Amino acid sequence: MNSSKNLFRLTQVVVSATRNASKEVVNPRFHTMKARQKVFGVDDGVPVHLKAGFGDKMLVSLTWVLIGVGLAGSGHTVFTLITK
Numbered sequence: 109m110n111s112s113k114n115l116f117r118l119t120q121v122v123v124s125a126t127r128n129a130s131k132e133v134v135n136p137r138f139h140t141m142k143a144r145q146k147v148f149g150v151d152d153g154v155p156v157h158l159k160a161g162f163g164d165k166m167l168v169s170l171t172w173v174l175i176g177v178g179l180a181g182s183g184h185t186v187f188t189l190i191t192k
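My numbering puts the first residue of the sequence shown at 109, with every later residue one more than the last.
What follows is the structure, given as structure tokens:
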């Protein structure tokens, strides 16, 4: 008899915990994050590092320019060291 009461109480606790978990308040930024994840998850042939738009394209272009400047500077240094 006592074990059936304990089982009934346990069942009530589990049911109430399940009901309370479904009413949990979600942070409003959660939905915006999920929307951004959907954008990044679409297979449209665009690399991930370019999917956020114009700003990403500018950063990638700036990175390539800086790499080019660095390589040109390195080449210039090597050339001046060889020729002297």
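All C-beta atoms in this analysis are idealised placements derived from N, C-alpha and C, irrespective of residue type, glycine included. Here the structure is a predicted model, which is why all the values come from computation and not from measurement.
Start and end residues, alpha helix (DSSP H) containing ALA143:
ALA143 -> alpha helix (DSSP H) spans 136-149.
Between the beta-carbon of LYS159 and the beta-carbon of VAL147, is there less than 8 Å?
Yes, Cβ-Cβ distance for LYS159 and VAL147 is below 8 Å.
LYS192 in three-state terms, based on DSSP
LYS192 falls in the coil class under three-state DSSP.
Skipping 5 residues on each side, what residues in its chain have a beta carbon closer than 8 Å to that of SER182?
If the five residues before and after SER182 are omitted, its C-beta is found closer than 8 Å to no C-beta atom of its own chain.
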